[in-house]
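Below you'll find the structure, written out as structure tokens, and then a few comments.
There are 2 protein chains.
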Amino acid sequence: MVLHRTSPDLSITFAALADPTRRAILARLASGERSVTELAGPFKMSLPAVSKHLKVLKRAGLIARGREAQWRPCRLEAGPLKEASDWIETYRRFWEERFDRLEDYLREVQNRQVRNRVLKKEKRYGRNK
Amino acid sequence: MVLHRTSPDLSITFAALADPTRRAILARLASGERSVTELAGPFKMSLPAVSKHLKVLKRAGLIARGREAQWRPCRLEAGPLKEASDWIETYRRFWEERFDRLEDYLREVQNRQVRNRVLKKEKRYGRNK
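Keeping their order, the protein sequence lines are chains A and B. All the letters of the first sequence, read from the start, carry residue numbers 1 to 129 under my numbering. All the letters of the second sequence, read from the start, carry residue numbers 1001 to 1129 under my numbering.
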């Protein structure tokens, strides 16, 4: 059964994930805490632009900031990702069915090719006899 | 390892999922094909408003429309949900670690309570002896 969840938190999480820079920031944080300057590095973006993305991620609860006055490192918070995963998982049977159908189709094509090859061989054998 | 995927398709999928009405539409389609009128029913929304949401879902590849001229039913397409799930799954260890830590903490609290209860009993026993 698919749950009819309409949590506003899920909307905030999905909206935060709907940006490639924000997903790349999360991917960097997956290998450890980073300062804003460190995060900005590979993106060739201004610090204010990165800070804006961090604000969206923080509001969605996807990151937290340290309390150190000088260096306030960002770290990944996975709670909302788990919620998003739980929601998507309720649809798993649909994509698995799709791949089952694809697998059935490929098996059918393969069987047909094998049958054709056998028939051809039999024909050739019949001709050469 | 977390993959550094920045697929634009993922952005379109997450943006489409970032709305409670669109998630509710997908949930309804999980139980079978529906016409636009049937989908609009429970939402107390105008048909144009529902159609707008359906357009977003269709652009994201999350639904497909039938070809019947009169009744063009919508059906769920799970491919993009699988991609979104694959992306989120790369972060699974983070929320599992979080729950492991929580479990450790709860076990520690429980052990402490048991120890305190035993100590209290021993004290009482010592007093009454």
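Virtual Cβ for every residue (Gly too), placed ideally from N, Cα, C. All values derive from a computational prediction rather than experimental measurement.
For residue 23 (chain A), name the three-state secondary structure that DSSP assigns. helix
Can you give, in chain order, each stretch of the alpha helix (DSSP H) that sits fully within the segment 23-94 of chain A and has at least 4 residues? 36-40, 47-59, 79-89
Taking CB distances under 7 Å as the criterion, tell me whether residue 91 (chain A) reaches chain B. Yes, its Cβ sits closer than 7 Å to a Cβ of chain B.
Is residue 1002 (chain B) close to chain A, meaning its C-beta is less than 7 Å from at least one C-beta of that chain? Summary for residue 1002 (chain B): the model assigns pLDDT 43, below 50, so the residue's position carries little reliability; its value from the coordinates is reported in the next sentence. So, interface residue.
Would the segment 1093-1113 of chain B and the segment 96-110 of chain A be scored as touching if the rule is three or more Cβ pairs under 8 Å? no
Alpha carbon to alpha carbon, what distance is there between residue 1015 (chain B) and residue 1059 (chain B)? 11 Å
Among the residues of its own chain, which have a CB less than 7 Å from the CB of residue 10 (chain A), if the five just before and after it don't count? 83, 84, 87
Helix, strand or coil, according to DSSP, for residue 1015 (chain B) in the structure here? helix
What does residue 63 (chain A) touch in chain B if you count any residue whose Cβ is under 8 Å from its own? Within 8 Å Cβ-Cβ: nothing; residue 63 (chain A) doesn't reach chain B, min ~12 Å.
Cα-Cα separation, residue 1077 (chain B) to residue 73 (chain A): 40 Å
Is the shortest distance between the beta-carbon of residue 14 (chain A) and the beta-carbons of chain B less than 7 Å? Closer than 7 Å: yes.
Scan the segment 1026-1055 of chain B for residues whose Cβ lies nearer than 7 Å to a Cβ of chain A and list them as they occur along the chain. 1027, 1030
List, in chain order, every chain B residue whose beta-carbon is nearer than 7 Å to that of residue 82 (chain A). The contacting residues are 1095.
Quick check: the segment 28-36 of chain A against the segment 1037-1057 of chain B, are there 3 or more CB pairs under 8 Å? The segment 28-36 of chain A is not in contact with the segment 1037-1057 of chain B.
Given that residue 66 (chain A) touches chain D, what residues does it touch there, using C-beta distances under 7 Å? Although the question refers to chain D, the structure presented lacks it and instead comprises the protein chains A and B.
Would you tell me roughly how many angstroms separate the C-alpha atoms of residue 1071 (chain B) and residue 1049 (chain B), rounded to the nearest one? 18 Å
Rounded to a whole number of angstroms, what is the C-alpha to C-alpha distance between residue 67 (chain A) and residue 1055 (chain B)? 44 Å
Alpha-carbon to alpha-carbon, residue 1021 (chain B) and residue 1079 (chain B): 20 Å
Kindly list, in the order they appear in chain B, the residues whose Cβ is closer than 8 Å to that of residue 79 (chain A). 1095, 1098
Since residue 112 (chain A) meets chain B, which of its residues come closer than 8 Å, beta carbon to beta carbon? Within chain B, no residue comes near residue 112 (chain A); the closest Cβ sits about 26 Å away, beyond 8 Å.
Could you tell me whether any Cβ in chain A is nearer than 7 Å to the Cβ of residue 1057 (chain B)? no
Proximity of residue 81 (chain A) and residue 1091 (chain B) at Cβ, strictly below 7 Å: yes
Distance, Cα to Cα, residue 12 (chain A) vs residue 103 (chain A)? 36 Å
Any beta-carbon of chain A closer than 7 Å to the one on residue 1104 (chain B)? no
Alpha-carbon spacing of residue 130 (chain A) relative to residue 1093 (chain B), whole angstroms: This structure leaves residue 130 (chain A) out entirely; chain A is present only between 1 and 129.
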